[in-house]
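Student: Protein chains in written order, with our numbering: chain Y, 285 to 587; chain V, 52 to 307.
One structure, pasted below without further comment.
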């Protein structure tokens, strides 16, 4: 068995596979199928300061090899997370990443401050949710806004800070550099791409929100490209995600420069996907006589 | 909530109407814990999202699960190409099923079109204490009448065009039956306009009603929050989720 452990910003992960925020709730549902302890970490459902009810349905549309969602950050709020969900998650012997999203800089800061007194292992600042009107992608698509929110949250927390980036930009490396220079410890990417489907019989968009976030295997090549570009542009670790559905995809993402990976939409198809991907990574490394998964990070040999 | 995921053997496949198929799947571990109103989440080869299909039968002795579904798009078309001897990849049982009370003396079951299959397990439980009212577009779309007949339940068949049974919607016989005999509970599954009307009739008569809803769904287990529906709980409007809080809801809670 190969060494699957990775270290990101001083936090030890037993393996590099993390269910992505919004696809795994707080882990409770999937614990019926496997022990959460097997996971490298869990990025929990995006949490706002106050409870959010989310967007009107329909919130889901299928696409070739992918899907759109417009959930709109439905969540019970940070206090509920800290009181009801976090204590349970912290007993699971895996890295817990609090994904946070605020409508403005002040709200992001307040959420981070509330987490400061907890044992949560890392914070993932979501500056890229495409499904909310305020904050979200508005932060993630402007260098100055991304810098400002990162700087403010950085000052509010001693926790390792990951900033989750939007792919809906002209040059993702500019945003990555901007958040790096303001003290981000790592970046994670890609959040969903903006997409739309229309029901040609009713002429209505399938999603009530009209547009939504596009994810699933279809976005994988875009994600690999952006991870590769970003890993070459920053010195901080990159956590890669976007359409990963197998161990081989995870290996490819890591060769592009990701130190760890998050998996999302594939879990809807195969609820065992996170643990399957861990064992598939191990099988690949054994087959290739590679001792540690760390040895493959960023090893792509560009033409 | 307890559920399993696995590939289970298909023991029987029949076409029960045009583009409507019945499958029996051998999965004792699911059948043992499943109840009426729950659903199975089926993987269609080549599609990212699973298809949620209501449970139509639970043979606890033989460990057989029955589902009946209509080909509505490419995903269900792919599922319909499975055959006896193949394996079906399912997550089940999922969701919150119907409330069954064995003391009820009179219940009415309403099925509209492809919403009819989840009524069959209830008819099997209540037998001659149930009146089953089913409605279809036309005679070619009628399904499960023999199965309902075998349960001992009284059956009323309606078609929109009068080509079989009573000409008209299920809501007309429902109103008559409730007026004449009342009921301890009404259960319904079908198109949203039908469910809305059924709920209104039951509210007027002050008869409890449970309805099974449908929504575009991703995870099926309550993690992704995709399949939202608006309900009123403790005086507050909230988004519940069809996969975990439903698919069966108290009709009084649902906001249309």
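All C-beta atoms, glycine included, are put in the ideal place defined by N, C-alpha and C.
Using the Cβ count rule (16 or more neighbours within 10 Å means buried), how would you classify residue 587 of chain Y?
Tutor: Within the first chain, residue 587 of chain Y is the residue found at index 303, counting from 1. Residue 587 of chain Y comes out exposed.
Student: Does any residue of chain Y bring its CB to less than 9 angstroms from the CB of residue 121 of chain V?
Tutor: As a first step, residue 121 of chain V must be located in the second chain, where it is residue number 70. With 9 angstroms as the cut-off, residue 121 of chain V does not count as an interface residue toward chain Y.
Student: Kindly indicate if chain Y contains any beta-carbon less than 9 angstroms away from that of residue 94 of chain V.
Tutor: If you number the second chain from 1, residue 94 of chain V lands on position 43. At least one chain Y Cβ lies under 9 angstroms of residue 94 of chain V.
Student: Tell me whether residue 134 of chain V is buried or exposed, calling it buried when 16 or more other Cβ atoms sit within 10 Å of its Cβ.
Tutor: Counted from its first residue, the second chain places residue 134 of chain V at position 83. Per the 10 Å Cβ criterion, exposed.
Student: To the nearest angstrom, report how far apart residue 531 of chain Y and residue 162 of chain V are at their CA atoms.
Tutor: Numbered from 1 along the first chain, position 247 holds the residue referred to as residue 531 of chain Y. Numbered from 1 along the second chain, position 111 holds the residue referred to as residue 162 of chain V. If I take the Cα positions, the gap works out to 45 angstroms.
Student: Counting only C-beta atoms, is residue 80 of chain V closer than 9 angstroms to chain Y at any point?
Tutor: Translated into the one-based positions of the second chain, residue 80 of chain V becomes position 29. Not closer than 9 angstroms to any Cβ of chain Y, the Cβ of residue 80 of chain V fails to qualify, so no.
Student: Would residue 313 of chain Y pass as a contact of residue 295 of chain V if the rule is Cβ separation under 9 angstroms?
Tutor: The residue labelled residue 313 of chain Y in the question sits at position 29 within the first chain. The residue labelled residue 295 of chain V in the question sits at position 244 within the second chain. Going by C-beta atoms, residue 313 of chain Y is nearer than 9 angstroms to residue 295 of chain V.
Student: In whole angstroms, what separates the C-alpha of residue 92 of chain V from that of residue 85 of chain V?
Tutor: Position 41 of the second chain holds residue 92 of chain V. Position 34 of the second chain holds residue 85 of chain V. Computed Cα separation, rounded: 13 angstroms.
Student: Would you mind working out which of V/240, V/114, V/237 and V/248 sits nearest residue 222 of chain V, comparing C-alpha positions?
Tutor: Mapped onto the second chain, residue 222 of chain V falls at position 171. Measuring from the Cα of residue 222 of chain V, the nearest candidate turns out to be V/248.
Student: What does residue 291 of chain V reach in chain Y if we use C-beta pairs closer than 8 angstroms?
Tutor: Counting from 1 along the second chain, the entry for residue 291 of chain V is found at position 240. The contacting residues do not exist; residue 291 of chain V stays about 11 angstroms from chain Y at best.
Student: Comparing the C-beta of residue 101 of chain V with each C-beta of chain Y, is any distance below 9 angstroms?
Tutor: As a first step, residue 101 of chain V must be located in the second chain, where it is residue number 50. Output row for residue 101 of chain V: interface = yes.
Student: Cα-Cα, which of V/122, V/153 and V/272 is closest to residue 553 of chain Y?
Tutor: By one-based count along the first chain, residue 553 of chain Y stands at place 269. Residue V/272 is the option with its Cα nearest to residue 553 of chain Y.
Student: Using CA coordinates, which residue listed in V/191, V/142 and V/160 is at the minimum distance from residue 556 of chain Y?
Tutor: For the purposes of this step, residue 556 of chain Y is taken as the residue at position 272 of the first chain. Looking at the Cα atoms, V/142 is the closest of the given residues.
Student: Do you know offhand how far residue 136 of chain V's Cα is from residue 124 of chain V's?
Tutor: For the purposes of this step, residue 136 of chain V is taken as residue 85 along the second chain, with counting starting at 1. For the purposes of this step, residue 124 of chain V is taken as residue 73 along the second chain, with counting starting at 1. Distance between the alpha carbons of residue 136 of chain V and residue 124 of chain V is about 24 angstroms.
Student: Residues of chain Y with a CB under 9 angstroms from the CB of residue 116 of chain V: which are they?
Tutor: Locating residue 116 of chain V in the second chain gives position 65, counting from the first residue. Per Cβ cutoff of 9 angstroms: no residues; residue 116 of chain V is ~18 angstroms from chain Y at best.
Student: Would you call the stretch 565 to 581 of chain Y and the stretch 68 to 81 of chain V in contact, with 3 or more CB pairs under 8 angstroms?
Tutor: No, the stretch 565 to 581 of chain Y does not touch the stretch 68 to 81 of chain V.
Student: Scan the stretch 68 to 111 of chain V and note each continuous beta strand (DSSP E) run of 3 residues or more that stays entirely inside, going in chain order.
Tutor: Segments of the beta strand (DSSP E) lying fully in the stretch 68 to 111 of chain V: 71 to 77, 90 to 93 and 102 to 110.
Student: In angstroms, rounded to a whole number, what distance separates the CA positions of residue 327 of chain Y and residue 558 of chain Y?
Tutor: Looking up residue 327 of chain Y in the first chain gives position 43. Looking up residue 558 of chain Y in the first chain gives position 274. When rounded, the distance between both Cα atoms is 12 angstroms.
Student: Taking the straight line between their C-alpha atoms, what separation do you get for residue 406 of chain Y and residue 323 of chain Y?
Tutor: Here the question's residue 406 of chain Y lines up with position 122 in the first chain. Here the question's residue 323 of chain Y lines up with position 39 in the first chain. Their Cα atoms are separated by approximately 15 angstroms.
Student: From the DSSP output, which residues share a beta bridge with residue 533 of chain Y?
Tutor: Looking up residue 533 of chain Y in the first chain gives position 249. Answer by DSSP bridge pairing: none, since residue 533 of chain Y is not bridged.
Student: Excluding five sequence neighbours on each side, which residues of the same chain lie with their C-beta closer than 6 angstroms to the C-beta of residue 191 of chain V?
Tutor: By one-based count along the second chain, residue 191 of chain V stands at place 140. Within the same chain, residue 191 of chain V has close Cβ partners 69.
Student: Which one or two residues does DSSP pair with residue 306 of chain V in a beta bridge?
Tutor: On the second chain, position 255 is the one that residue 306 of chain V refers to. Per DSSP, none; premise fails for residue 306 of chain V.
Student: Please state the DSSP three-state secondary structure of residue 298 of chain Y.
Tutor: Walking along the first chain from the start, residue 298 of chain Y turns up at place 14. If DSSP states are grouped into helix, strand and coil, residue 298 of chain Y belongs with coil.
Student: List the residues of chain V that residue 353 of chain Y touches, going by C-beta distances under 8 angstroms, in chain order.
Tutor: Start at 1 with the first residue of the first chain, and residue 353 of chain Y comes out as number 69. Those are 269, 275 and 277, listed as they occur along chain V.
Student: Check residue 327 of chain Y in the structure and name its three-state DSSP category.
Tutor: Within the first chain, numbered from 1, the residue matching residue 327 of chain Y stands at position 43. Residue state, collapsed to three classes: strand.
Student: Could you run through the stretch 479 to 503 of chain Y and flag, in chain order, every residue whose CB is less than 8 angstroms away from some CB of chain V?
Tutor: So the list reads 490, 500 and 501, given in the order they occur along the chain.
Student: Taking all protein chains shown into account, do 16 or more other C-beta atoms lie within 10 angstroms of the C-beta of residue 440 of chain Y, making it buried, or fewer, making it exposed?
Tutor: Taking the first residue of the first chain as position 1, residue 440 of chain Y is located at position 156. Flag for residue 440 of chain Y reads buried.
Student: Tell me whether residue 123 of chain V sits in a helix, a strand or coil according to DSSP, three-state version.
Tutor: Counted from its first residue, the second chain places residue 123 of chain V at position 72. DSSP places residue 123 of chain V in coil when its eight states are reduced to three.
Student: Roughly how many whole angstroms lie between the Cα atoms of residue 245 of chain V and residue 307 of chain V?
Tutor: Locating residue 245 of chain V in the second chain gives position 194, counting from the first residue. Locating residue 307 of chain V in the second chain gives position 256, counting from the first residue. The alpha-carbon atoms of residue 245 of chain V and residue 307 of chain V are separated by roughly 12 angstroms.
Student: Out of Y/583, Y/577 and Y/585, which has the shortest C-alpha to C-alpha gap to residue 288 of chain Y?
Tutor: In the first chain, counting from the first residue as 1, residue 288 of chain Y sits at position 4. The candidate whose alpha carbon is nearest that of residue 288 of chain Y is Y/577.
Student: Could you pull out every residue in the same chain whose Cβ sits closer than 8 angstroms to the Cβ of residue 489 of chain Y, ignoring the five residues on either side in sequence?
Tutor: In the first chain, the residue the question calls residue 489 of chain Y occupies position 205. Around residue 489 of chain Y: 480, 481, 482, 483 and 495.
Student: Leaving out five residues before and five after residue 96 of chain V in sequence, what residues of the same chain have Cβ atoms less than 7 angstroms from its Cβ?
Tutor: Taking the first residue of the second chain as position 1, residue 96 of chain V is located at position 45. Same-chain partners within the cutoff: 129.
Student: Drop a sphere of 10 angstroms on the beta-carbon of residue 56 of chain V, count the other beta-carbons inside from all chains shown, and report buried for 16 or more, exposed for fewer.
Tutor: Along the second chain, read from residue 1 onward, the residue named residue 56 of chain V stands at position 5. Looking at its Cβ environment, which holds 16 or more other Cβ atoms inside 10 Å, residue 56 of chain V is buried.
Student: Please list, in chain order, the chain V residues whose beta carbon lies closer than 7 angstroms to that of residue 307 of chain Y.
Tutor: The count along the first chain starts at 1 and reaches residue 307 of chain Y at position 23. Ordered by position in chain V, the residues that pass the 7 angstroms Cβ test against residue 307 of chain Y are 274 and 275.
Student: Is the beta carbon of residue 466 of chain Y closer than 9 angstroms to that of residue 518 of chain Y?
Tutor: Your numbering for residue 518 of chain Y matches position 234 in the first chain. Your numbering for residue 466 of chain Y matches position 182 in the first chain. Going by C-beta atoms, residue 518 of chain Y is not nearer than 9 angstroms to residue 466 of chain Y.
Student: Determine the closest residue to residue 376 of chain Y out of Y/497, Y/424, Y/298 and Y/528, with distance taken between C-alpha atoms.
Tutor: The residue you call residue 376 of chain Y lines up with position 92 of the first chain. Checking every option, the nearest Cα to that of residue 376 of chain Y belongs to Y/298.
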